[in-house]
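Asks:
Residue numbers (UniProt numbering), protein chains in the order written: chain A, 1 to 94; chain B, 1 to 323.
#1: Count the other C-beta atoms from every protein chain shown that fall within 10 angstroms of the C-beta of residue 37(A), then say buried if there are 16 or more, exposed otherwise.
#2: Say whether the segment 263-282 of chain B touches the segment 163-170 of chain B, bearing in mind that this needs 3 or more beta-carbon pairs closer than 8 angstroms, one atom from each stretch.
#3: Find the nearest neighbour of residue 119(B) within the set 131(B), 296(B) and 173(B), judged by alpha-carbon distance.
#4: In whole angstroms, what separates the C-alpha of residue 280(B) from that of residue 246(B)?
#5: For the beta strand (DSSP E) that residue 36(A) lies in, which residues bound it at each end?
#6: Can you give, in chain order, each stretch of the alpha helix (DSSP H) that sits fully within the segment 144-218 of chain B and has at least 4 residues?
#7: Could you give the DSSP three-state label for residue 246(B): helix, strand or coil?
#8: Taking the alpha-carbon positions, what's the residue 40(B) to residue 162(B) distance?
#9: Would you mind telling me which residues of chain B sit closer than 9 angstroms to residue 32(A), beta carbon to beta carbon, in chain order?
#10: Note down, in chain order, each residue of its chain lying with its Cβ closer than 6 angstroms to the Cβ of residue 213(B), except the 5 sequence neighbours on either side.
#11: Quick one: which chain B residues come within Cβ less than 9 angstroms of residue 57(A)?
#12: Starting from residue 288(B) and walking both ways along the beta strand (DSSP E), at which residues does that stretch end?
#13: How big is the Cα-Cα spacing for residue 89(A) and residue 82(A)?
#14: Taking residue 47(A) as the reference, give the member of 54(B), 38(B), 53(B) and 47(B) with the closest Cα.
#15: Where does residue 79(A) fall in DSSP's three states?
#16: Could you tell me the alpha carbon to alpha carbon distance between residue 16(A) and residue 43(A), rounded to whole angstroms?
#17: Going along chain B in order, which residues have a C-beta closer than 7 angstroms to the C-beta of residue 28(A)?
#18: Looking at C-alpha atoms only, which residue of 20(B), 63(B), 285(B) and 62(B) is the closest neighbour of residue 183(B)?
#19: Return the chain-ordered list of same chain residues with a C-beta closer than 7 angstroms to the C-beta of residue 108(B), the five sequence neighbours on each side being excluded.
#20: Find the residues of chain A that neighbour residue 37(B), judging by a C-beta separation of less than 9 angstroms, and give them in chain order.
#21: Determine whether the Cβ of residue 222(B) lies closer than 7 angstroms to any Cβ atom of chain A.
#22: How long is the line joining the alpha carbons of residue 160(B) and residue 113(B), rounded to whole angstroms?
#23: Given that a residue counts as buried once 16 or more other Cβ atoms are within 10 Å of its Cβ, and exposed if not, what is residue 256(B)?
#24: When the Cβ atoms of the segment 297-307 of chain B are set against those of the segment 228-237 of chain B, are three or more pairs found closer than 8 angstroms?
#25: Please list the partners that residue 17(B) has in chain A, where partner means a Cβ-to-Cβ separation under 7 angstroms.
#26: Starting from residue 68(A), find everything on chain B with Cβ-Cβ shorter than 7 angstroms and list it in chain order.
#27: Excluding sequence positions up to five away, which residues of its chain have a Cβ less than 8 angstroms from the Cβ of residue 14(A)?
#28: At the level of alpha carbons, what is the spacing between residue 188(B) and residue 126(B)?
#29: Could you tell me the distance, in whole angstroms, from the CA atom of residue 79(A) to the CA atom of residue 204(B)?
#30: Comparing alpha-carbon positions, which option in 181(B), 50(B), 175(B) and 58(B) lies nearest residue 31(B)?
#31: Determine, for residue 49(A), whether the minimum Cβ-Cβ distance to residues of chain B falls below 7 angstroms.
#32: In chain B, what lies closer than 8 angstroms to residue 116(A) by C-beta?
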């Protein structure tokens with residue numbers, strides 16, 4: 001489990017490095033970060049709801065709205081998946 | 001032999017660099033796909049957030065507001081946040097520190113590490129106002145640094161988080177990695193810091209600016225809930241703002257100047273440190289770890305940037321003891 005956790009962080013660092021190299025200004029860098037960020041929120045939400053029976057969705061959404069900083073492990077997992085996909089997409093370009 | 005000097009990092013940059021427009025389009029496409037997929041699969045989610053008046057994509061801003069409101073409520077109601085350990089009265093710990101110091105048995109750094117281990121949660125999280133006030137007193141007593149979690153009404157989204165290693169920043173047009181000795185392998189950041197070059201040219205680079213790049217910190221100003229609303233005040237306020245970074249695992253501390261904004265929230269890191277900062281905090285292999293970051297209340301600019309060597313500094317009234 002912990003191995004997977006570190007693997008994900010390493011992949012994330014690579015995505016961050018790609019963005020840093022592509023952006024010429026701070027504004028460009030932040031713009032790209034925010035796009036990734038927004039993608040993550042949708043992907044993570046979808047992943048969580050996939051695992052939750054429909055009748056619990058509203059309860060989860062209420063809890064998430066009340067404290068959005070609390071869903072941790074699932075977020076780490078999904079961040080890793082997205083980062084991997086992004087890097088694969090970018091490699092295809094070359 | 002590749003025929004390239006270690007300082008010629010631009011070879012790698014050119015080879016791996018992806019065009020900004022291309023990357024933005026690619027990321028944007030991914031974002032739209034994710035948004036569409038969620039809204040098709042779970043239309044009630046879109047409806048839920050619409051009714052709450054927030055966008056899922058902007059949930060981080062909402063979270064910052066919730067955390068800010070929580071800290072305020074916590075301070076008012078004196079209810080500790082989740083994972084908070086009970087804090088002894090500050091005077092109690094201060095007394096312990098003074099007794100240990102007077103008896104010359106325990107190095108101050110050891111006392112600090114023990115205090116942080118005892119009273120900080122294992123996992124990093126925003127600290128409560130009580131916890132921050134407590135640490136302010138401990139830092140002041142042990143290190144003699146006037147560090148503040150809130151300074152002039154400004155506060156970071158979190159003061160206890162993960163720091164990650166950063167590269168050198170270009171100080172002036174034409175600056176090269178070769179002039180950032182001895183830490184060359186970290187390389188030079190491809191872009192400029194959030195406040196641009198430190199000086200317009202090499203001749204205008206003063207010792208003070210050199211020190212600012214050498215001992216620089218990165219904080220997530222871009223995620224501050226009021227960052228866009230309070231411009232240009234906040235940008236000016238944070239530029240080269242002095243902070244004290246304390247490694248909560250070993251007690252190493254350094255004074256740094258905020259010179260860049262980041263890292264991206266999805267990296268799991270909250271702060272960044274220059275190669276020099278990271279080396280002092282945790283040694284040559286240190287790339288990431290938990291730290292506390294407080295502003296330094298230094299209106300007369302008396303606290304120098306660089307390591308806080310508090311093992312050599314005594315508490316008030318106790319003879320200096322070199323350890």
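Where a beta carbon is used, it is the ideal one built from N, C-alpha and C, also for glycine. Given the structure is predicted, the values throughout are model-derived calculations rather than measurements.
Replies: The structure says:
#1: By the neighbour-count rule (16 or more Cβ atoms within 10 Å), residue 37(A) is buried.
#2: Touching, yes, given that three or more Cβ pairs across the two stretches are closer than 8 angstroms.
#3: Of all alpha-carbon atoms in 131(B), 296(B) and 173(B), the one lying nearest the alpha-carbon of residue 119(B) is that of 131(B).
#4: C-alpha of residue 280(B) to C-alpha of residue 246(B): approximately 10 angstroms in a straight line.
#5: Element bounds for residue 36(A): not the beta strand (DSSP E) but the alpha helix (DSSP H), 26-51.
#6: Positions of the alpha helix (DSSP H) runs, each at least 4 residues long and wholly inside the segment 144-218 of chain B, are given as 207-214 in order along the chain.
#7: Strand at residue 246(B).
#8: Taking the straight line from one Cα to the other gives about 36 angstroms.
#9: Correct list: 20, 23, 24, 27 and 264.
#10: Closer than 6 angstroms at Cβ, skipping near neighbours: 169, 171 and 198.
#11: What residue 57(A) touches in chain B: 42, 44, 45 and 48.
#12: Note, residue 288(B): beta strand (DSSP E), 288-296.
#13: Their backbone Cα atoms lie some 11 angstroms apart in a straight line.
#14: Checking every option, the nearest Cα to that of residue 47(A) belongs to 38(B).
#15: Reduced to three states, the DSSP call for residue 79(A) is helix.
#16: Here the alpha carbon of residue 16(A) sits roughly 18 angstroms from the alpha carbon of residue 43(A).
#17: Neighbours of residue 28(A) on chain B, chain order: 20.
#18: Closest in alpha carbon position to residue 183(B), among 20(B), 63(B), 285(B) and 62(B), is 285(B).
#19: Only 101, 142, 310 and 311 meet the Cβ criterion.
#20: At a beta-carbon threshold of 9 angstroms, the residues of chain A lying near residue 37(B) are 42, 43 and 46, ordered along the chain.
#21: Taking 7 angstroms as the CB threshold, residue 222(B) lines the interface with chain A.
#22: Here the alpha carbons of residue 113(B) and residue 160(B) stand approximately 15 angstroms from one another.
#23: Residue 256(B) comes out buried.
#24: Contact between the segment 297-307 of chain B and the segment 228-237 of chain B is absent: fewer than three C-beta pairs spanning the two stretches fall below 8 angstroms.
#25: The contacting residues are 21 and 22.
#26: For residue 68(A), the residues of chain B that pass the 7 angstroms Cβ criterion are 59, 62, 63 and 66, in the order they occur in the chain.
#27: Close CB contacts of residue 14(A) within its chain, under the 8 angstroms cut and outside five residues either way in sequence, are with 83 and 87 (chain order).
#28: So the alpha carbons of these two residues sit roughly 31 angstroms apart.
#29: Cα to Cα, the separation comes out at about 43 angstroms.
#30: Comparing Cα positions, the closest option is 58(B).
#31: It does: the Cβ of residue 49(A) has a partner Cβ on chain B nearer than 7 angstroms.
#32: As shown, chain A starts at 1 and ends at 94. That puts residue 116(A) outside it, with no answer to give.
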